[in-house]
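In terms of the numbering used here, the numbers along the sequence shown are unbroken and rise by one, the last being 330. Here a beta-carbon is modelled for each residue, glycine too, at the ideal position from N, C-alpha and C.
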Amino acid sequence: MRFPFSRRRFFGGAATLLASPLLGSIPASAAPTAKSARRPATGALALRQVATEVLDIGYYATGPQTGRPVVLVHDLNYDIHSYAELAKLLARKGHHVMVPFLRGHGSTRFKEEATPRSAQLGALGKDLIDFIDALHFPEAVFVGFGWGAQAAYAASVARPTRVIGVVMAGNGRVDEASLWHQFYFHTEDGRAELEANRGDIARTIWKKNSPKARFDEARFARVLPSFANPDHVAILTHAYRHRKDGQGGDPRYDAIEQRLAAGAPVAVPAITLQGGASGVMPLAKALNFSAAHSHRELPGVGHDLAVEAPAALAAAAEELVAKGKWRT
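In structure tokens form, the structure reads like this:
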């Protein structure tokens, strides 16, 4: 298989996983209390853990406990640091913001060794519903980019009455020039390379996904420890293998997967955003919408819209919060 560049350029040298405070620039103001959570302090920030049926989920929370809940969901091979600015913007508007680590990232862990290390969409979506369940929020607005956007969509399919609306950014089918890592992760060589050089591969993907954005070395250093998660490689490789080849998943999500496979529409209010410089197709071309939907193009913006255009995502989230039909 030929790659756009040499292996030396893509994977030259193993990355050092740097220990650093997570979201250190965000004050841990008005964070929620939960009996199921513990608070491992990391610098000035108190990260929390909350247990669901399957996972022990690490997350960050900010904003008043009485505010409308907004859940921010990162892409695979990124982490909660993408939402540092957006979380502050929404908290200042009075929203209660929660930013969980996806399975295979950061401090999120599987509770049982026997649980399949699955990254199928049904699992990612159900994780989000389980997350707000564990924190006793009956409903929320979900904001995601990349796989985080797909997870938000899957959550709306799994439990539409729990999802007030979804903001889906930078989510679509990657163009041919960007498929190299998806094909590579299908091979055992690719899995071994990812195991050895997680940081180098992530750096390459970030740069390719956002070619016009300045690469922030300090933020990347803060994110690297998230890729030391013991299930990171299994989750990333399964995500692509399940989507492309239908590699078996966890049967507990079969009902959700059947609805997703049947092309279930986005049945809750939705706003999609697409960066004009991201190299991915607009999400609106990949999904059907049966509820209110608007699509917004952001010229010159790459894939990580949470970092590159936080104000646009904040405005979209606030719109759904304001227009949402809240039951509580």
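Check                                                                                                     : Outcome
DSSP three-state assignment for His234, whether helix, strand or coil                                     : helix
heavy atom of the ligand MG below 6 Å from Glu87 C-beta                                                   : Absent from the structure shown: the ligand MG. Ligands present: none.
Local Cβ density within 10 Å of Thr163, reported as buried at 16 or more and exposed below that           : exposed
Cβ contact check for the segment 62-77 and the segment 144-154: 3 or more pairs under 8 Å                 : yes
Given Ala157 as reference, the closest of Ile203, Val143, Arg200, Ile131 once Cα atoms are compared       : Ile131
Three-state class that DSSP yields for His83 in the structure shown                                       : helix
DSSP-derived helix/strand/coil call for Ser27                                                             : Any reading at Ser27 must be qualified, since the residue scores a pLDDT of 39, below 50, and its modelled position is unreliable; the value itself is stated next. Here Ser27 sits in coil by DSSP.
Classification of Ala257 by the beta-carbon crowding that lies within 10 angstroms, buried from 16 upward : exposed
Under 7 Å between C-beta atoms of Leu315 and Pro271                                                       : no
Rounded separation between Thr110 and Ala264 - CA only                                                    : 30 Å
Given Gly251 as reference, the closest of Asp191, Lys214, Tyr62, Thr117 once Cα atoms are compared        : Thr117
Distance CB(Ala53)-CB(Tyr255) smaller than 7 Å                                                            : no
Range of the contiguous beta strand (DSSP E) that encloses Ala264                                         : Unbroken run through Ala264: none, as it is neither H nor E.
Of the listed residues Pro213, Arg221, Ala204, Phe133, nearest to Pro102 (C-alpha basis)                  : Phe133
Span of the alpha helix (DSSP H) around Gly1                                                              : Outside the shown range of the chain, which is 3 to 330, sits residue 1, and nothing can be said about it.
Cβ shell of Ser228 (< 6 Å), same chain only, five flanking positions each side left out                   : Asp81, His107, Gly108
Residue environment, Glu320, which counts as buried when at least 16 other CB atoms sit within 10 Å       : buried
Residues sharing a beta bridge with Pro271, DSSP                                                          : None; Pro271 has no bridge partner.
Host beta strand (DSSP E) of Thr54 (start-end)                                                            : Careful: Thr54 lies outside any beta strand (DSSP E) and carries neither H nor E.
Bounding residues of the beta strand (DSSP E) (the contiguous stretch that carries Ala324)                : Careful: Ala324 lies outside any beta strand (DSSP E), inside the alpha helix (DSSP H) at 312-325.
Proximal residues to Asn79 (C-beta, below 7 Å), its chain only, five neighbours per side dropped          : Ala204, Ile207, Leu238
Backbone CA spacing between Leu92 and Ser280 [nearest angstrom]                                           : 24 Å
Buried versus exposed, by CB contacts within 10 Å (16 or more), Thr64                                     : buried
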